[in-house]
Every structure is written in structure tokens, then in C-alpha cells.
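K.L.:
Take this structure first; my questions come after.
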Amino acid sequence: RLKVGVLISGRGSNLQALLDAAADPAFPAEVVLVVSNVPNVTGLARAQKAGVATATVNHREYKNRLDFDHAVTETLENSGVEFVCLAGFMRLVTKEFVAHWHNRMINIHPALLPLFPGLDTHQRALDEGCKLHGCTVHFVRHEMDSGPIVGQAAVPVLPDDTENSLAIRVLGAEHRLYPECLKLIAEQKITISGNRLIHRHTSQITEDMI
Ligand code: GAR
Numbered sequence: 003r004l005k006v007g008v009l010i011s012g013r014g015s016n017l018q019a020l021l022d023a024a025a026d027p028a029f030p031a032e033v034v035l036v037v038s039n040v041p042n043v044t045g046l047a048r049a050q051k052a053g054v055a056t057a058t059v060n061h062r063e064y065k066n067r068l069d070f071d072h073a074v075t076e077t078l079e080n081s082g083v084e085f086v087c088l089a090g091f092m093r094l095v096t097k098e099f100v101a102h103w104h105n106r107m108i109n110i111h112p113a114l115l116p117l118f119p120g121l122d123t124h125q126r127a128l129d130e131g132c133k134l135h136g137c138t139v140h141f142v143r144h145e146m147d148s149g150p151i152v153g154q155a156a157v158p159v160l161p162d163d164t165e166n167s168l169a170i171r172v173l174g175a176e177h178r179l180y181p182e183c184l185k186l187i188a189e190q191k192i193t194i195s196g197n198r199l200i201h202r203h204t205s206q207i208t209e210d211m212i
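If you want it as C-alpha cells, here you go:
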């Protein structure tokens, strides 16, 4: 099974979705380490409950981003991590970190990229009057919230939605999408060509994935 390290900064509900999927021995990836840049967050407790090793690499203890990113890579590699999933990891990473994990690191973003990179995606979708919103799993490139898209899941924006009600609907889609995308990659069902993914077995794509 592909040895995955998950980077988090907080709640870790997407981490939980990955842990739940990987609890099935037939799932082609296993989570071998969870790293948080913030001490004592809920996500770390979720990992411990699942019997997965954890580490905290506190960015406040490093003098710059490069030193912090080196420490994260060292921590991941000491645990034999082959592939990285960012799951609510709220730090910008250096281009050196992105280069090191090139095509070996994915992120989940709460919008239908390339719409709404950055923060406050749900409020921005409401402000724009979007009728569809959703989430994206993508390989990480140096430009923030960009890179080859692995999968997307769309949800409707309903007339009475608030930022919170929309966030909850998108989060449900995130929890289905992230394990599906990791599975596709771990089964080597895709190859990357430029900014595009070539699906070798399109029958693997679920209804959730556009
Ligand atoms: C998720 O909605 C994720 O898409 C988002 O943060 C939340 C983390 O929740 N990520 C970003 O905004 C990345 N810039 P979780 O900790 O419960 O998985």
C-alpha cells in the first residue's frame, strides 16, 4: 500500500475521511504519519485514536519557512512517507518543498478551482451568486491552489444558504471526494500530462467526480 503522510492544522475531518477509507485493508493507501504545525489540535487526537503515528512541527519554532519545510520533509521521510496529502494545512509551502514532493503531493480546496483560490471561498461563492459550488483535489504546484486537478465534486447553492450551511454541504462532498482521488492515484490509474490528468480507467470515476 502507498505510504501516505497527512499534513493538518486543525479539525482534521478530511483526515478522518482518509483514515476511515484506509481502515479497509483493500484500500490501496495507508496513513503512516499525521503531522500538524499546530500543537494539540483535534486532528492529532483523531490519528491517535486510529492508531496512526503523529508529529507536531510547530512553525513558530523555526526562523523561516525553508527551515520549517525542511523539518516537515525530514519528519515525513523518517516515517517512510512516499506521498503527502494536505488536509486543512493552513501554511503556504516553499517552492523547495513543492519541488521535493513534485507529483507526490495533493491538496483539497473548498471551491471549484480555478474559481476562488485562497480563503473565504464559501462567502465569495455566495457573494457572486453562484448556483454551484464545491471542492477540488489537485496536485500541488508552486502557485497557491493550482495544479493538475484530480477530481471535483459539485454541490448546489440553495437560496437560503449561509456561509455555514454551504460550508457543511461542501465538507460532506470533500469527505467523499478525497479518498476517491487518493485511491485513483494509489492504484496508478492516472498519469499527469502538463496541467491535465489522463485517466487510464475512466470507469473508476464516481458520480461525485465531474
Ligand atoms: C476543509 O474545508 C479544507 O478544504 C480547507 O480547510 C478545511 C479543513 O477542514 N482547506 C483550505 O482552505 C486550504 N487552503 P478539516 O480540518 O476538518 O479537514
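When we follow UniProt numbering, the leftmost residue of the sequence shown carries the number 3, and every step to the right adds one.
Note that CB positions come from ideal geometry on N, CA and C, so glycine has one too.
The structure presented is a predicted model; accordingly, all values stated were derived computationally and were not measured.
(1) Where does Leu199 land, buried or exposed, given buried means 16+ other C-beta within 10 angstroms?
(2) Using alpha carbons as the reference points, say which of Pro27, Thr75, Leu128, Asp26 lies closest to Val8.
(3) Measuring alpha carbon to alpha carbon, tell me which of Ala19, Leu134, Asp162 ends up nearest Cys87.
(4) Rounded to whole angstroms, what's the CA-CA distance from Ala101 to Arg143? Just pull it up for me.
(5) Helix, strand or coil for Thr75, going by three-state DSSP, please let me know.
(6) Where Glu189 and Pro181 are concerned, what is the direct C-alpha to C-alpha distance, given to the nearest angstrom?
(7) Looking at Pro112 and the ligand GAR, is the gap between the Cβ and the nearest heavy atom below 7 Å?
(8) Could you check where the alpha helix (DSSP H) with Phe99 kicks off and where it finishes?
(9) Nearest by alpha-carbon distance to Ser15: which of Asn42, Val34, Arg48 is it?
(10) Using the beta-carbon count (16 or more within 10 Å), is Ile212 buried or exposed?
(11) If you run the structure through DSSP and keep just helix, strand and coil, what is Val54?
(12) Under 8 Å by Cβ, that's how I've got Gly149 and Phe141 pegged, so tell me the actual separation to the nearest angstrom.
(13) Taking the alpha carbon of Val40 as the reference point, which residue from Leu21, Gly12, Gly131 has its own alpha carbon closest?
(14) Do you know offhand how far Gln206's Cα is from Lys65's?
P.N.:
Taking the structure as given:
(1) Within the sequence shown, the letter at position 197 stands for residue 199. Answer is buried; the Cβ neighbour count reaches 16.
(2) For the purposes of this step, residue 8 is taken as the residue at position 6 of the sequence shown. The residue with the shortest Cα to Cα distance from Val8 is Thr75.
(3) For the purposes of this step, residue 87 is identified with residue 85 of the sequence shown, where counting begins at 1. Closest in C-alpha terms to Cys87, from the list Ala19, Leu134, Asp162, comes Ala19.
(4) Sequence index remark: in the sequence shown, residue 101 carries index 99 (1-based). Sequence index remark: in the sequence shown, residue 143 carries index 141 (1-based). Whole-angstrom Cα-Cα distance: 8 Å.
(5) Position 73 of the sequence shown, counted from the first residue, corresponds to residue 75. Helix.
(6) Taking the first residue of the sequence shown as position 1, residue 189 is located at position 187. Taking the first residue of the sequence shown as position 1, residue 181 is located at position 179. When the Cα atoms are used, Glu189 and Pro181 turn out to be separated by approximately 12 Å.
(7) For the purposes of this step, residue 112 is taken as residue 110 along the sequence shown, with counting starting at 1. Yes.
(8) Your numbering for residue 99 matches position 97 in the sequence shown. 97 to 102 is the extent of the alpha helix (DSSP H) around Phe99.
(9) Start at 1 with the first residue of the sequence shown, and residue 15 comes out as number 13. Among Asn42, Val34, Arg48, the Cα nearest to that of Ser15 belongs to Arg48.
(10) Sequence index remark: in the sequence shown, residue 212 carries index 210 (1-based). Since pLDDT at Ile212 reaches only 48, below the 50 mark, its modelled position is unreliable, and the value read off the structure follows with that caveat. Exposed.
(11) As a first step, residue 54 must be located in the sequence shown, where it is residue number 52. In the structure shown, Val54 falls within a coil segment according to DSSP collapsed to helix, strand and coil.
(12) Here residue 149 refers to the residue found at position 147 when the sequence shown is read from its first residue. Here residue 141 refers to the residue found at position 139 when the sequence shown is read from its first residue. About 4 Å separates the beta carbon of Gly149 from that of Phe141, a gap short enough to meet the 8 Å contact definition.
(13) The count along the sequence shown starts at 1 and reaches residue 40 at position 38. The residue from Leu21, Gly12, Gly131 with its alpha-carbon nearest to that of Val40 is Gly12.
(14) To locate residue 206, count along the sequence shown from 1; it is residue 204. To locate residue 65, count along the sequence shown from 1; it is residue 63. Note that Gln206 scores a pLDDT of 49, beneath 50, so its modelled location is shaky; the value from the coordinates is reported in the next line. About 45 Å.
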